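Remember, our numbering sits 4 above the position in the sequence shown when you count from 1.
Heads up: the structure comes next, in structure tokens.
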Amino acid sequence: MKAMLAPTFVMQRDGRGANTVFTVLTILVALSMFVAAAGSGSGSYVTEQPLPAWVDIAANVLSALIGVLVLLPRTRVLGGILAIVNMSLSMYVNYTVDGVGYFVQVLPYNIITIMIAALLVGHYAEDLPFLLGRKSLSAD
5 MKAMLAPTFV MQRDGRGANT VFTVLTILVA LSMFVAAAGS GSGSYVTEQP LPAWVDIAAN
65 VLSALIGVLV LLPRTRVLGG ILAIVNMSLS MYVNYTVDGV GYFVQVLPYN IITIMIAALL
125 VGHYAEDLPF LLGRKSLSAD
């Protein structure tokens, strides 16, 4: 677990200011995923075609796990990728299942989360080889 919390290559390379900015962005994405986990499953009062409860529970657990992945330095880029996928799927479900009214209400939240997560993925992309088990950036 200690290795998961250690600074990554990109974190070591960046200056103090960049680390501060990207730490704030990381916290925003993680909070967004935790909020999605707490508020997912809009229920019959919003949903035109309610989904089974197990789908809502699975989506909530997935969002919480993604929030944790984003917070851990070694898995931050993977968490960012999964946050983008999760929010994109959320937009699809909100439009097709929950209806246009609910979709429009949560669209800014989804888009902002996707944009911030994309910034994290772009910035921490060089850490991906380390996540996949390579020890250096060279292709060998």
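The beta carbon of each residue, even a glycine, is placed where N, CA and C say it ideally should be.
A quick note: this is a predicted structure, and the numbers were derived from the prediction, not measured.
> So what's ALA10 in DSSP terms, helix, strand or just coil?
Replying inline: As a first step, residue 10 must be located in the sequence shown, where it is residue number 6. In this structure, ALA10 counts as coil in the three-state DSSP scheme.
> What separation, rounded to the nearest whole angstrom, lies between the Cα atoms of ARG17 and ALA34?
Replying inline: The residue given as residue 17 occupies position 13 in the sequence shown. The residue given as residue 34 occupies position 30 in the sequence shown. Going by the C-alpha atoms only, they are around 23 Å apart.
>> At the level of alpha carbons, what is the spacing between ASN98 and THR24?
In response: To locate residue 98, count along the sequence shown from 1; it is residue 94. To locate residue 24, count along the sequence shown from 1; it is residue 20. Computed Cα separation, rounded: 33 Å.
>> Alpha carbons only, please: which of GLY137, TYR128 and GLY21 is nearest the one belonging to LEU75?
In response: Here residue 75 refers to the residue found at position 71 of the sequence shown. LEU75 has its Cα closest to that of TYR128, out of GLY137, TYR128 and GLY21.
> Hey, out of PHE107, SER92, LEU55 and LEU9, whose CA is closest to ALA121's CA?
Replying inline: Against the sequence shown, residue 121 aligns to sequence position 117. Checked all of PHE107, SER92, LEU55 and LEU9; the closest Cα to ALA121 is SER92.
> When you compare only the Cα positions, how much space is there between LEU73 and GLY103?
Replying inline: Within the sequence shown, numbered from 1, the residue matching residue 73 stands at position 69. Within the sequence shown, numbered from 1, the residue matching residue 103 stands at position 99. Going from the Cα of LEU73 to the Cα of GLY103 covers about 30 Å.
>> Rounding to the nearest angstrom, what Cα-Cα distance links THR79 and VAL89 in this structure?
In response: The sequence position of residue 79 within the sequence shown is 75, counting from 1. The sequence position of residue 89 within the sequence shown is 85, counting from 1. One Cα belongs to THR79, the other to VAL89, and the distance between them is close to 15 Å.
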